[in-house]
Structure formats: C-alpha cells, structure tokens
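So the protein lines, in turn, are chains A and B.
For the first sequence, this note's numbering begins at 12 and goes up steadily by one.
For the second sequence, this note's numbering begins at 209 and goes up steadily by one.
In this text, a Cβ means the ideal position worked out from N, Cα and C, and glycines have one as well.
Since the model is a prediction, treat every value here as computed from it, not as a measurement.
First the structure, in the form of structure tokens, and then the observations on it.
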Amino acid sequence: AQKITQTQPGMFVQEKEAVTLDCTYDTSDPSYGLFWYKQPSSGEMIFLIYQGSYDQQNATEGRYSLNFQKARKSANLVISASQLGDSAMYFCAMRERPNSGYALNFGKGTSLLVTP
Amino acid sequence: DGGITQSPKYLFRKEGQNVTLSCEQNLNHDAMYWYRQDPGQGLRLIYYSQIVNDFQKGDIAEGYSVSREKKESFPLTVTSAQKNPTAFYLCASSYRGRSNQPQHFGDGTRLSIL
C-alpha cells in the first residue's frame with residue numbers, strides 16, 4: 012500500500028505568490044518523521060524541511076513551511092514568495108521507526124512550475 | 209566540502225553485462241542507501257547498509273548486488289538478471305539511528321540499455 016500520497020502531479024504558480032503542495036501519509040507507528048525534498052531537472056535531491064511526529068510546532072525553514080495536521084495525516088509544504096528557481100519536482104517522504112535502516116518512503120512527487 | 213560522489217554520471221549497459229555504479233561519501237555517515245527512480249515516479253529502495261560488512265535488501269533488490277567493505281563506499285552492481293535496468297540511480301547516506309536527520313544524496317547515475 013502506498014504510504015505517501017501526493018495527489019497533485021503538476022502545479023503552476025506565479026512568481027512571488029505562495030503555493031501549497033499536498034502530502035498525506037499512512038502509518039500506524041506513533042514515531043515517524045516527514046521530509047520534503049526538491050529535485051531540479053539536473054536530478055540531485057535537495058533536502059528542504061523536516062517535521063517530527065512529536066513536534067508541537069510546524070516546521071519552518073526560510074520560505075518553506077510545513078502545515079502539519081497530525082490527525083488528518085497530512086504534511087503539506089508551503090512555499091512563500093515563489094521564485095523562478097523553485098521550478099522543480101518536489102517529493103514528500105516518511106521515515107518510520109528503524110524499518111529498512113531508517114530508509115525513506117517517497118511519494119510520486121509534484122512538478123511545480125513557477126511562471127513570470 | 210563533505211558530500212557524496214556518484215560515478216559515472218551516465219552509463220550504458222549491453223545485454224548480458226554487469227555494470228557497477230560507484231558511491232563514495234566523506235560525511236562520516238554510517239548508513240548508506242541505494243534508490244532507483246523511474247520517470248514520473250518517486251524513489252524506491254534497492255539496498256541499504258548501516259555498518260561496514262553488513263547490508264540488507266530493500267523493496268526492489270532482485271537483479272542487484274552491493275558490497276560495503278569500507279565506511280565511505282557502497283557500490284551497486286546491476287546484474288544481467290535485472291531485465292529492466294534503465295533508470296536513474298541515487299545513492300544516499302545519513303547518520304545511523306538518528307531519525308530526524310535528513311539523508312544526503314549524490315547527483316545520481318543515469319543507466320541506459322544499448
């Protein structure tokens with residue numbers, strides 16, 4: 012069963028606007044971590060932001076913030092003041108307790124295009 | 209600067225041939241991982257290793273093999289048994305046992321069939 016679901020295959024946003032990328036997850040483990048990565052067309056995976064299941068506050072890192080709704084099992088990424096360089100694939104991933112040596116389960120990603 | 213180096217960037221495989229993808233890290237991480245990415249898809253785990261001389265199969269290990277003789281190195285061999293090897297391969301590493309630490313990734317290797 013898919014553990015991470017990203018329902019938006021593609022999104023458009025105008026430069027300087029905010030955009031929300033959706034992520035829902037499925038786990039019965041009370042201890043888990045959620046990560047967002049950015050993958051430009053060159054292929055490297057760039058870590059953006061982390062949210063732990065026990066964290067009381069929503070995570071923020073510069074223009075990135077995470078809208079974490081634990082009861083709904085969602086961890087949406089919010090990018091404020093979009094820039095042209097934000098155009099990329101965005102992946103949500105989850106790490107549960109030491110299954111698979113703390114490997115990550117990835118969603119299928121959302122392609123974001125920022126337009127002038 | 210510390211990081212993960214994958215080589216080569218592009219690789220072509222002939223039918224019946226084994227090929228090896230290199231992954232080296234100087235981040236002093238214990239854990240290393242190999243993922244496969246197909247077009248329009250997320251990453252799927254092939255193999256992982258938490259310590260030297262130990263490694264475990266991931267979700268799609270068939271047709272692949274690995275070794276972990278040094279902490280810094282985790283090469284992946286795509287064997288002739290892997291019938292659909294064309295994909296983008298990413299190597300990652302992280303501190304062992306620290307669930308809140310992100311994985312760091314290399315730049316990837318694109319493998320194609322000749």
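Residue of Gly314(B), Ser288(B) and Gln290(B) minimising C-alpha distance to Ser281(B)
The residue with the shortest Cα to Cα distance from Ser281(B) is Gly314(B).
Would you mind telling me which residues of chain A sit closer than 8 Å to Asn308(B), beta carbon to beta carbon, in chain order?
Per Cβ cutoff of 8 Å: Gly44, Tyr61 and Gly63.
Is Lys222(B) buried or exposed, if buried means 16 or more other CB atoms sit within 10 Å of its CB?
Its Cβ having fewer than 16 others within 10 Å, Lys222(B) is exposed.
Output yes if chain A places a C-beta closer than 8 Å to the C-beta of Ala239(B); else output no.
At least one chain A Cβ lies under 8 Å of Ala239(B).
Could you tell me whether the Cβ atoms of Ala54(A) and Gly316(B) are closer together than 8 Å?
For the sequence presented, residue 54(A) should be read as Gly rather than Ala. Yes, Cβ-Cβ distance for Gly54(A) and Gly316(B) is below 8 Å.
Assumed close pair Leu32(A), Leu88(A) - CB separation to whole angstroms, cut-off 8 Å
Contact holds; Cβ gap of about 4 Å.
Arg106(A) CB to nearest chain B CB: under 8 Å?
Closer than 8 Å to some Cβ of chain B, the Cβ of Arg106(A) qualifies, so yes.
Taking Ser302(B) as the query, report the chain A residues whose CB atoms sit under 8 Å from its CB, ordered along the chain.
The answer, in chain order, is Tyr113.
Contact set between the segment 245-266 of chain B and chain A, restricted to residues whose Cβ is under 8 Å from the partner
When CB distances to chain A are screened at a threshold of 8 Å, the residues of the segment 245-266 of chain B falling below it are Gly248, Gln249, Gly250, Leu251, Arg252, Leu253, Tyr256, Ser257, Gln258, Gln264 and Gly266, in chain order.
Among the residues of its own chain, which have a CB less than 6 Å from the CB of Gly210(B), if the five just before and after it don't count?
Excluding sequence neighbours, Gly210(B) sits near Asn234 and Leu235.
Proximal residues of chain B, C-beta to C-beta of Glu55(A) below 9 Å:
Chain-ordered, the chain B residues with CB closer than 9 Å to the CB of Glu55(A) read Leu298, Phe313, Gly314, Asp315 and Gly316.
Leu59(A), buried or exposed, once every other Cβ within 10 Å from all chains shown has been counted against 16:
Under this definition Leu59(A) is a buried residue.
Cross-chain neighbours of Lys49(A) in chain B, by beta carbon under 8 Å:
Chain B residues near Lys49(A): none, gap ~11 Å exceeds 8 Å.
Under 9 Å by beta carbon: chain B residues contacting Lys119(A)
Going along chain B in sequence order, the residues near Lys119(A) (Cβ under 9 Å) are Gly248, Gln249 and Gly250.
Have a look at the DSSP bridge pairing and note the partners of Thr228(B).
Answer by DSSP bridge pairing, in chain order: Thr285(B).
Write down every uninterrupted run of the alpha helix (DSSP H) in the segment 50-74 of chain A whose length is 4 residues or greater and which is fully enclosed by it, in chain order.
Taken in chain order, the complete alpha helix (DSSP H) segments of 4 or more residues contained in the segment 50-74 of chain A number zero; there are none.
Just to make sure I have the definition right: I need the residues of chain B whose C-beta is within less than 8 Å of the C-beta of Phe102(A). Which are they?
Under the 8 Å cutoff, chain B gives Gly250 and Leu251.
Return yes when the Cβ of Ala295(B) is within less than 8 Å of the Cβ of Leu322(B), no when it is not.
The criterion of a C-beta distance shorter than 8 Å is not satisfied by Leu322(B) and Ala295(B).
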